[in-house]
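Enquirer:
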Amino acid sequence: MYLGRFGFRPTPRMQRVFRIFIGPELYWVLLYVGVRWLAVHNVPPSAPGNATLEWAVWLTATLGVALSFAFLAVPGGNRWISVARLAFAAFIGVNACAIAACEAIKYPELGRDSGLMALWFTAAMVGGIVWCVSAAVSLVFLLIKLRRSVVVRP
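Following this note's numbering, the numbering of the sequence shown begins with 130 at its first residue and continues without gaps.
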């Protein structure tokens, strides 16, 4: 197929790099940018802004982690490496989002900000639990799919 003088034909190597770039890491970077955007707009700190940031922490720790497993449905690539990438990206992503949100939450009462470390710690633990449950379910589906696939030998 002729693409013209300046036609763009991606090489297999470029496709591989592009597939690596578009994955769970990019997903978590976008979530982090979203939480950071919410944090920037909580200046000066307000009660509704603080509540929004708290919800953002819980949503990234639960739904954000669970939705990141949608990348296992993308065809191509090694599924086991994808699970490892999901683990690494989710660990860094949940912690980064929780820390970014906790930095921006400021309460007017004296001493109330000390509980924000517990928010970060609990969000990281909940994210880990959600990841383990999602990984177990995904691995069961991967193993069932692996057993059903027919190996053709010459």
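Don't be surprised by glycine CBs; every beta carbon is placed ideally from N, CA and C.
(1) Identify whether P177 lies in helix, strand or coil by the three-state DSSP scheme.
(2) What is the DSSP secondary structure of W196, reduced to helix, strand or coil?
(3) Under a three-way DSSP split, which group does E238 fall into?
(4) Which class does G152 belong to by DSSP, given the choice of helix, strand or coil?
(5) Taking the straight line between their C-alpha atoms, what separation do you get for V162 and V262?
(6) Could you tell me the alpha carbon to alpha carbon distance between W209 and L155, rounded to whole angstroms?
(7) Only counting the same chain, and skipping five residues up and downstream in sequence, which positions put a Cβ closer than 6 Å to that of A252?
(8) Taking the straight line between their C-alpha atoms, what separation do you get for A265 and P173?
(9) Counting pairs of Cβ atoms below 8 Å between the stretch 193-206 and the stretch 234-241, do you hit three or more?
(10) Hey, could you find the ends of the alpha helix (DSSP H) V285 is sitting in?
(11) Spatial neighbours of A247 within its chain, please: C-beta separation below 6 Å, excluding the five flanking residues on both sides.
(12) Along the alpha helix (DSSP H) that carries G206, what are the first and last residues, could you check?
Expert: This is what the structure holds:
(1) Collapsing the DSSP output to three states places P177 in a helix.
(2) Sequence check: residue 196 is Leu here, not Trp. The answer is helix: DSSP assigns L196 an H, G or I state.
(3) E238 sits in coil when the DSSP states are folded into three classes, being neither helix nor strand.
(4) Reduced to three states, the DSSP call for G152 is coil.
(5) If you take the alpha carbons of V162 and V262, they lie about 26 Å apart.
(6) Roughly 19 Å separates the two Cα atoms.
(7) Taken in chain order, the residues that qualify are V186, A190 and A227.
(8) Straight-line spacing of the CA atoms in A265 and P173 works out to 42 Å.
(9) They do not touch, by the three-pair rule.
(10) Only positions 130 to 283 of the chain appear in the structure, and residue 285 is not among them; the question remains open.
(11) Excluding positions up to five away in sequence, the list is empty.
(12) G206 -> no alpha helix (DSSP H), and no H or E assigned at all.
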